[in-house]
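A short worksheet on the structure shown next.
There are 10 protein chains.
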Amino acid sequence: MLFHVRMDVNIPRDLPQAEAGEIIAREKAYSQELQRSGKWRHIWRIAGEYANYSIFDVKDNEELHAILTGLPLFKFMTIKVTPLLRHPSSIRDDDT
Amino acid sequence: MLFHVRMDVNIPRDLPQAEAGEIIAREKAYSQELQRSGKWRHIWRIAGEYANYSIFDVKDNEELHAILTGLPLFKFMTIKVTPLLRHPSSIRDDDT
Amino acid sequence: MLFHVRMDVNIPRDLPQAEAGEIIAREKAYSQELQRSGKWRHIWRIAGEYANYSIFDVKDNEELHAILTGLPLFKFMTIKVTPLLRHPSSIRDDDT
Amino acid sequence: MLFHVRMDVNIPRDLPQAEAGEIIAREKAYSQELQRSGKWRHIWRIAGEYANYSIFDVKDNEELHAILTGLPLFKFMTIKVTPLLRHPSSIRDDDT
Amino acid sequence: MLFHVRMDVNIPRDLPQAEAGEIIAREKAYSQELQRSGKWRHIWRIAGEYANYSIFDVKDNEELHAILTGLPLFKFMTIKVTPLLRHPSSIRDDDT
Amino acid sequence: MLFHVRMDVNIPRDLPQAEAGEIIAREKAYSQELQRSGKWRHIWRIAGEYANYSIFDVKDNEELHAILTGLPLFKFMTIKVTPLLRHPSSIRDDDT
Amino acid sequence: MLFHVRMDVNIPRDLPQAEAGEIIAREKAYSQELQRSGKWRHIWRIAGEYANYSIFDVKDNEELHAILTGLPLFKFMTIKVTPLLRHPSSIRDDDT
Amino acid sequence: MLFHVRMDVNIPRDLPQAEAGEIIAREKAYSQELQRSGKWRHIWRIAGEYANYSIFDVKDNEELHAILTGLPLFKFMTIKVTPLLRHPSSIRDDDT
Amino acid sequence: MLFHVRMDVNIPRDLPQAEAGEIIAREKAYSQELQRSGKWRHIWRIAGEYANYSIFDVKDNEELHAILTGLPLFKFMTIKVTPLLRHPSSIRDDDT
Amino acid sequence: MLFHVRMDVNIPRDLPQAEAGEIIAREKAYSQELQRSGKWRHIWRIAGEYANYSIFDVKDNEELHAILTGLPLFKFMTIKVTPLLRHPSSIRDDDT
Numbered sequence: 008m009l010f011h012v013r014m015d016v017n018i019p020r021d022l023p024q025a026e027a028g029e030i031i032a033r034e035k036a037y038s039q040e041l042q043r044s045g046k047w048r049h050i051w052r053i054a055g056e057y058a059n060y061s062i063f064d065v066k067d068n069e070e071l072h073a074i075l076t077g078l079p080l081f082k083f084m085t086i087k088v089t090p091l092l093r094h095p096s097s098i099r100d101d102d103t
Numbered sequence: 008m009l010f011h012v013r014m015d016v017n018i019p020r021d022l023p024q025a026e027a028g029e030i031i032a033r034e035k036a037y038s039q040e041l042q043r044s045g046k047w048r049h050i051w052r053i054a055g056e057y058a059n060y061s062i063f064d065v066k067d068n069e070e071l072h073a074i075l076t077g078l079p080l081f082k083f084m085t086i087k088v089t090p091l092l093r094h095p096s097s098i099r100d101d102d103t
Numbered sequence: 008m009l010f011h012v013r014m015d016v017n018i019p020r021d022l023p024q025a026e027a028g029e030i031i032a033r034e035k036a037y038s039q040e041l042q043r044s045g046k047w048r049h050i051w052r053i054a055g056e057y058a059n060y061s062i063f064d065v066k067d068n069e070e071l072h073a074i075l076t077g078l079p080l081f082k083f084m085t086i087k088v089t090p091l092l093r094h095p096s097s098i099r100d101d102d103t
Numbered sequence: 008m009l010f011h012v013r014m015d016v017n018i019p020r021d022l023p024q025a026e027a028g029e030i031i032a033r034e035k036a037y038s039q040e041l042q043r044s045g046k047w048r049h050i051w052r053i054a055g056e057y058a059n060y061s062i063f064d065v066k067d068n069e070e071l072h073a074i075l076t077g078l079p080l081f082k083f084m085t086i087k088v089t090p091l092l093r094h095p096s097s098i099r100d101d102d103t
Numbered sequence: 008m009l010f011h012v013r014m015d016v017n018i019p020r021d022l023p024q025a026e027a028g029e030i031i032a033r034e035k036a037y038s039q040e041l042q043r044s045g046k047w048r049h050i051w052r053i054a055g056e057y058a059n060y061s062i063f064d065v066k067d068n069e070e071l072h073a074i075l076t077g078l079p080l081f082k083f084m085t086i087k088v089t090p091l092l093r094h095p096s097s098i099r100d101d102d103t
Numbered sequence: 008m009l010f011h012v013r014m015d016v017n018i019p020r021d022l023p024q025a026e027a028g029e030i031i032a033r034e035k036a037y038s039q040e041l042q043r044s045g046k047w048r049h050i051w052r053i054a055g056e057y058a059n060y061s062i063f064d065v066k067d068n069e070e071l072h073a074i075l076t077g078l079p080l081f082k083f084m085t086i087k088v089t090p091l092l093r094h095p096s097s098i099r100d101d102d103t
Numbered sequence: 008m009l010f011h012v013r014m015d016v017n018i019p020r021d022l023p024q025a026e027a028g029e030i031i032a033r034e035k036a037y038s039q040e041l042q043r044s045g046k047w048r049h050i051w052r053i054a055g056e057y058a059n060y061s062i063f064d065v066k067d068n069e070e071l072h073a074i075l076t077g078l079p080l081f082k083f084m085t086i087k088v089t090p091l092l093r094h095p096s097s098i099r100d101d102d103t
Numbered sequence: 008m009l010f011h012v013r014m015d016v017n018i019p020r021d022l023p024q025a026e027a028g029e030i031i032a033r034e035k036a037y038s039q040e041l042q043r044s045g046k047w048r049h050i051w052r053i054a055g056e057y058a059n060y061s062i063f064d065v066k067d068n069e070e071l072h073a074i075l076t077g078l079p080l081f082k083f084m085t086i087k088v089t090p091l092l093r094h095p096s097s098i099r100d101d102d103t
Numbered sequence: 008m009l010f011h012v013r014m015d016v017n018i019p020r021d022l023p024q025a026e027a028g029e030i031i032a033r034e035k036a037y038s039q040e041l042q043r044s045g046k047w048r049h050i051w052r053i054a055g056e057y058a059n060y061s062i063f064d065v066k067d068n069e070e071l072h073a074i075l076t077g078l079p080l081f082k083f084m085t086i087k088v089t090p091l092l093r094h095p096s097s098i099r100d101d102d103t
Numbered sequence: 008m009l010f011h012v013r014m015d016v017n018i019p020r021d022l023p024q025a026e027a028g029e030i031i032a033r034e035k036a037y038s039q040e041l042q043r044s045g046k047w048r049h050i051w052r053i054a055g056e057y058a059n060y061s062i063f064d065v066k067d068n069e070e071l072h073a074i075l076t077g078l079p080l081f082k083f084m085t086i087k088v089t090p091l092l093r094h095p096s097s098i099r100d101d102d103t
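Residue numbers (my numbering), protein chains in the order written: chain B, 8 to 103; chain X, 8 to 103; chain Y, 8 to 103; chain D, 8 to 103; chain S, 8 to 103; chain Z, 8 to 103; chain W, 8 to 103; chain A, 8 to 103; chain L, 8 to 103; chain F, 8 to 103.
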């Protein structure tokens, strides 16, 4: 089941740089593991912003929520979820 | 080059049904031809709305604009474009 | 899987009254059949507005979309969907 | 009498973790006691957000306000109340 | 139980003047009857706008909704309801 | 002359509790004195929020501003003023 | 007593041109008479828009409302009123 | 050339009171000097808010910007500029 | 003097196509004449929208307003003006 | 390829003045180098605000993002990107 997610990241200025770096590294590893598993289907950077649009393919809302709240950067993010489905005009097998 | 596009469709109630049907059919053919060419990379329906999120992969802003204004439903749409780029955490070859 | 849906209804003034009445009657029957099936779990009127908050319990986003776009009043509605899940503090068996 | 409530939680980063944990534990106990009493009829997590939609069934506005301002997390919440009533299409006895 | 209500009126330009006048007259009678009964506690015009702020004192949400949807001008109004309660600093007996 | 005022209170978390308590006590005394004088005609708590709707009856804008900026909590408030007048449908002597 | 008023004008396209012209002429005469009387203290056009910012100096809210609702263009306007008062830094006698 | 400016002031709570007082005094002197020169044509307090509406009469955008960024309170203000011009209905010589 | 202008065009669906075409042709000629005169310094299409961002270089607000309200499409446009000035970092002679 | 960018700058009050000054100096040098290269085509100050509208001419979204996130002030900016293209009415060679 597909979901469109926008994530805006806002790391507080007083977070020690080492701590920020460590969180960002964990975030990347976490994201890539989920991409490899097929659950995090797409991730794109939004030009000029510290933000991304992502597409998730998960079993249900519970799994999506567990993934999002498990993000190392979760507490510094504003997240907006939109449920998607196959478009009747789509010709791609993997747009489902 | 990738763009995120949201399209909201609002067909006026007084458009003759035959005309509406013909436009929608042309829209579908137009979209599928662009999907086959690789320029319209993804299209997803937004649950509960007559709207879609799409990803376009085009040469430049000009080509994107030509495609969008060429949509048979263009005059009944509200369109919002966001430029995207490869996310540093992405592992997919085709997220570029 | 649970979804929170807000529906705002706006029936055009020039819709013949008989037609409006017939659509509203079909809407009610459609809603009650889905309530009996358990898919439309709750529906509440919002005080002072021609609008409702509803909770749907469906298999997936596709089913939700099919139900919502099948509403006889769909073309006169503005719809906003929010995916829900069991809250960790919930004690009700049927809040899942 | 029914009310729809949206609660968004925003715990300040500089709140000591032990204090935050203690408040969250009290919040859960408080919520569950009110659920058991029947006054907090439903609570659902919003996917991807530290927020919930809840339905309260209380005697009047005063009781609702007392419950909400008594929430251990109240001072870290943004709360929005909407009064509800039975929908004419509802078939559930407990949607009143 | 007290409610704060904002009503914005927008009478369509093509409504025959006689019909509009008749609806407005019924609206006034309806409002005054409810004021006499004590249920419509206050009504004030907002300067420069075809709108009012009103305070209702009703048994419950159901009664409020019945009153508001019974307004002769209801279909030409945008209505926003906010539940109120006695303020701890109030000294007036009738602010309850 | 009547004014509708919405006040939202937001006391900073780092204000010493004793200082906050003292300000709130002064706020209450200040409000009640103005209520007794007839200038602060009504005050209602908004359910679920640290906010109120109030009605002031003052000589002019200057007096209203002096009262509002004199509020002990003024610097922690967001205030929105709307000028009111007698509604043509009002039957209450004191809605003027 | 001073008020800041923004007026946005939107004349419907299907209003016969002669009728529109006649209303606009009456509007101008009405405005100039009020300017001569000193009640409509200032009127400025907003660059690029069919809108104005005006300053009124009236006895009270009632008089302001009577003036605004008496505007020949009132039914085609969106109006927003803000109460003003003398600024403590003002040195002009007529900014009161 | 005329400009409409809204200024909202928000002095941070941790600014030492003496420093705040000194800035406010300089602000007043600065404003009055510009009023005397005729460049700051009007300034009015907005009732209930720490904000003002002002009218500036300057040579060009550059001069306006220099004046506004020179405000002692500039770094604590949110400023919104709207270009104005003489209204065709105006009868005042100095509304130009 | 420079101004940033956003124009959104919305041609009503019931405008006869010949009339629309004639207006659009006049709009183009009008724009190009102003571009040649140097007053309309830049015009860019916004990708995916029937809208443009433009830069005007005019003597004053009056001239800008005369140009904008003289646009053949003016009555079908929403226009938003922002006054600009030379940026202290600019190195271009013609960014003034 | 052209992009319209709005940048709003908000330097935190507790940033040491020397550090702020050094960042602003680097920002200026960075901007001027990009202007000289032709990639940062225009930059204008918005009157009354610490903000600018800029036009970039870059190879693609990637290059734009690299430039914007490389801004010394990036972490203190809110940035909004809009893709542009040649307007059909433009007569300037360099509006492409």
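Beta carbons: idealized from backbone N, C-alpha and C, even for Gly.
Paired residues, beta bridge with residue i - DSSP
{"i": "Asp100 (chain W)", "result": "In the DSSP output, where bridge partners are listed per residue, Asp100 (chain W) has none listed."}
{"i": "Ile86 (chain D)", "result": "D:Met14"}
{"i": "Leu9 (chain D)", "result": "D:Asp64"}
{"i": "Leu92 (chain A)", "result": "W:Arg52"}
Buried/exposed call for residue i, threshold 16 Cβ in 10 Å
{"i": "Gly28 (chain D)", "result": "exposed"}
{"i": "Asp102 (chain Z)", "result": "buried"}
{"i": "Arg52 (chain X)", "result": "buried"}
{"i": "Ser44 (chain B)", "result": "exposed"}
Whole-Å CB distance - residue i paired with residue j, under 8 Å assumed
{"i": "Trp58 (chain W)", "j": "Val88 (chain L)", "result": "Reading off the sequence shown, one finds Ala at residue 58 (chain W), where the question assumed Trp. Not quite, the Cβ-Cβ distance comes to about 11 Å (not below 8 Å), so this is no contact."}
{"i": "Ser96 (chain X)", "j": "Lys35 (chain B)", "result": "5 Å"}
{"i": "His72 (chain L)", "j": "Leu92 (chain A)", "result": "5 Å"}
{"i": "Leu143 (chain F)", "j": "Ile86 (chain F)", "result": "Because chain F here runs from 8 to 103, residue 143 (chain F) falls outside it and cannot be looked at."}
{"i": "Arg99 (chain D)", "j": "His49 (chain Y)", "result": "7 Å"}
{"i": "Pro79 (chain Z)", "j": "Tyr37 (chain Z)", "result": "6 Å"}
{"i": "Met6 (chain Y)", "j": "Asn68 (chain B)", "result": "For residue 6 (chain Y) there is no data in the structure shown, the boundaries of chain Y being 8 and 103."}
Given 8 Å as the limit, is there contact between the segment 61 to 76 of chain A and the segment 20 to 37 of chain W, that is, 3 or more CB pairs closer than that?
-> Between the segment 61 to 76 of chain A and the segment 20 to 37 of chain W, the count of C-beta pairs closer than 8 Å stays below three; the two stretches do not touch.
Continuous alpha helix (DSSP H) assignments of at least 4 residues falling wholly in the segment 19 to 62 of chain D = Taken in chain order, the whole alpha helix (DSSP H) runs of length 4 or more contained in the segment 19 to 62 of chain D are 24 to 44.
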